[in-house]
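Only one structure is covered here, and it is reproduced in the block below.
Numbering (our numbering), first residue to last: 68 to 161.
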């Protein structure tokens with residue numbers, strides 16, 4: 068049961084990260100573009116895109132220019148992970 072809840076939670080982190088991309092890019096550009104800093108336009112490395120962890124490690128700042136990154140990103144990822152974990156708990160049953 069714990070494995071299922073964790074698996075659903077990790078899946079939720081990934082979905083939450085993708086939701087952030089959709090929220091940010093709606094009507095602006097293609098989803099196929101790499102993520103970049105909104106201040107300096109530097110393309111973000113894969114290790115700067117790990118849900119929640121990257122934001123915490125970088126203390127909510129861009130690695131390249133140091134500009135602030137909104138708390139919205141980890142909050143959306145965390146909320147989605149919690150919802151998915153709850154769904155996993157529900158699927159696992161009593």
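Where a beta carbon is used, it is the ideal one built from N, C-alpha and C, also for glycine.
Specify the secondary structure class of residue 128 as computed by DSSP and reduced to three states.
DSSP, read as helix, strand or coil, puts residue 128 in strand.
Taking the C-alpha atoms as reference points, what is the distance between residue 155 and residue 138?
26 Å
Taking DSSP as the reference, what is the three-state secondary structure of residue 102?
coil
Residues bridged to residue 110 [DSSP beta-bridge criterion]:
103
Just to confirm, are residue 118 and residue 142 a CB contact at a threshold of 9 Å?
no
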